[in-house]
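Have a look at the structure below before the remarks.
Residue numbers (our numbering): 15 to 299.
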């Protein structure tokens, strides 16, 4: 049976990860020169509290010895494994893990192993994991799982909106002068992860209108896309998350909608009040 490995950016509930025996590689979070392990010795809510004080967390890839230890354990136990990594354009985690995997392949050539650049983040990865776990339970082979991931990467959507332009400025994605003008005009950017990068795709006046734009866009996609699960992830804005869920449920009562909290890494890009909506087409052989 193939084992799935993720890192702490997938934003799946801890209960789901434990229930399905999924190993999690924690990225590191640096706050005031203090290093923490994401979601292990610092809670996401604690990171949010620092951010509310204007402190921007810096993030770093998981410790290399931790990656090597998890991968090696799978090899020793004769378990095939797939690691679904955060987009390589947002972190160096994928490249580091791939190098370690290539070394282990020489020692354990009989083990099927793969490190995949998901070109996604948060529940964009989480939805993939949920689908792969279902496939594994139904007896899917390693090659079938790899094919499915390739399909998911090309058939997913990941949209975000921000409550405050200052986070784009702090992240170096928007000049301070434009952030000031945008704030005065109540501009709320809509972002999307496109080919692994976070891009501003539209600017809208007002939080309600930006949320409505994302909801309408996702619903339009669902009208043509066969997807069972929808993910919603937020940075300390559960009210907006529940609004989006209720809107989707009105039109698609049988769809499974999961709400989670955005972790430290993506939160450092989109800031407090940011929210994302994710869809994934159903894979068919």
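Backbone N, C-alpha and C define an ideal beta-carbon position, used for all residues, glycine too.
Suppose the cutoff is 7 Å on Cβ atoms and the five residues either side in sequence are ignored; what does the same chain contact list for residue i look like?
i: residue 134; result: 101, 170, 172 and 207
i: residue 278; result: 43, 52, 58, 61, 71 and 73
i: residue 112; result: 129
i: residue 49; result: 42
i: residue 56; result: 43 and 50
Using CA atoms only, rank isn't needed, just tell me which of the options is closest to residue i.
i: residue 203; options: 211, 215 and 209; result: 215
i: residue 306; options: 111, 122, 62 and 246; result: In the structure as shown, the chain begins at 15 and stops at 299. Residue 306 is therefore absent and cannot be evaluated.
i: residue 136; options: 201, 262, 256 and 244; result: 244
i: residue 273; options: 257, 163 and 84; result: 257
i: residue 36; options: 166, 150 and 67; result: 150
i: residue 91; options: 166, 23 and 126; result: 126
i: residue 293; options: 80, 217 and 234; result: 234
i: residue 289; options: 275, 296, 297 and 299; result: 275
i: residue 10; options: 295, 281, 296 and 297; result: One cannot answer for residue 10 here, as it falls past the ends of the chain, which runs 15 to 299.
i: residue 217; options: 178, 210 and 75; result: 178
i: residue 219; options: 200, 227 and 230; result: 200
i: residue 255; options: 242, 237 and 229; result: 229
i: residue 268; options: 50, 167, 249 and 236; result: 236
i: residue 114; options: 94, 132, 78 and 131; result: 78
For residue i, count the other beta carbons within 10 Å of its own beta carbon; 16 or more makes it buried, fewer makes it exposed. Which is it?
i: residue 28; result: exposed
i: residue 224; result: buried
i: residue 10; result: Any question about residue 10 goes unanswered here, given that the chain covers just 15 to 299.
i: residue 16; result: buried
i: residue 240; result: exposed
i: residue 140; result: buried
i: residue 3; result: Absent from the model: residue 3. The displayed extent of the chain is 15 to 299, so no value can be given.
i: residue 121; result: exposed
i: residue 238; result: exposed
i: residue 105; result: buried
i: residue 123; result: exposed
Which residue comes first and which comes last in the alpha helix (DSSP H) that contains residue i?
i: residue 227; result: 221-238
i: residue 157; result: 156-168
i: residue 116; result: 107-121
Just to confirm my understanding: we take residue i, look at its own chain, exclude 5 residues before and 5 after, and list those with CB closer than 8 Å. What are they?
i: residue 205; result: 173, 174, 175, 176, 212, 213, 214, 215 and 284
i: residue 143; result: 18, 20, 24, 26, 36 and 98
i: residue 159; result: 16, 96, 146, 149 and 150
i: residue 80; result: 39 and 40
i: residue 69; result: 45 and 46
Report all residues from its chain with a CB closer than 6 Å to the CB of residue i; omit the five preceding and five following residues, and keep chain order.
i: residue 65; result: 286
i: residue 297; result: 162 and 165
i: residue 251; result: 287 and 289
Between which two residues does the beta strand (DSSP E) carrying residue i extend?
i: residue 205; result: 201-208
i: residue 56; result: Looking at the DSSP string, residue 56 is not in any beta strand (DSSP E), and its letter there is neither H nor E.
Is any heavy atom in the ligand ATP found nearer than 8 Å to the beta carbon of residue i?
i: residue 115; result: Because no ligand of any kind appears in the structure shown, any question about the ligand ATP cannot be addressed here.
Residue ranges of each alpha helix (DSSP H) within the stretch 70-95, 4 or longer: As far as the stretch 70-95 is concerned, its whole alpha helix (DSSP H) runs of at least 4 residues are 78-90.
Beta strand (DSSP E) runs contained entirely in the stretch 231-296, provided each spans 3 or more residues: 243-248, 270-275 and 289-294
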